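Residue 41 in the numbering used here sits at position 47 of the sequence shown; the count goes up by one each step and never skips.
Cβ coordinates follow ideal geometry from the N, Cα and C atoms, glycine included.
It should be emphasised that the depicted structure is a prediction, and the values quoted were computed from it without experimental measurement.
Remarks on the structure that follows.
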Amino acid sequence: MLEKTNRMNYLYDFYQALLTPKQSSYMALYYLDDYSLGEIAEEYDVSRQAVYDNIKRTEAMLEEYEEKLLLFEKFQKRSELISKLKERIGDGENDRDLHEMIAELEKLD
């Protein structure tokens, strides 16, 4: 569950500008502020089921955006490569490996 929450938080960060204000608000309350479905329903004077349906549809939309745009995947790859670079710099290995990793980073953007 924590892994899904973290993923949704990242996807929300990357794609929130593509959501409607209502979708954005429900997602922020549910994932960022840790509101329950009932608390969100009470806040917006709608049923818990309406909130649940909206959140599930929005999650699917965020996954679809990621499938097409790959912003989160590229972010993860860049982070991984940067970590490897930092390790190599600390190890004092030769510069050729560092240049290859930097080239990979440049391809991601």
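Pair within 8 angstroms by beta-carbon distance, residue i and residue j
| i | j | result |
| --- | --- | --- |
| Leu75 | Leu99 | yes |
| Met21 | Tyr6 | yes |
| Leu31 | Tyr46 | yes |
| Tyr59 | Tyr9 | yes |
| Lys78 | Met95 | yes |
Alpha helix (DSSP H) segment containing residue i, residue limits
| i | result |
| --- | --- |
| Thr(-1) | -4 to 9 |
Where residue i falls, given that 16 or more other Cβ within 10 Å makes a residue buried
| i | result |
| --- | --- |
| Leu102 | exposed |
| Thr52 | buried |
| Asn48 | buried |
| Ile34 | buried |
| Met2 | buried |
| Gln17 | buried |
CB contact below 8 angstroms: residue i versus chain B
| i | result |
| --- | --- |
| Ile76 | Going by chain labels, chain B is absent from the structure shown, which holds only one protein chain. |
For this session: Would you mind listing the alpha helix (DSSP H) stretches within the stretch 24 to 92 that are 4+ residues and don't spill past its ends, in chain order?
Result: Listed in chain order, the complete alpha helix (DSSP H) runs (minimum 4 residues) inside the stretch 24 to 92 are 31 to 38, 42 to 63, 65 to 85.
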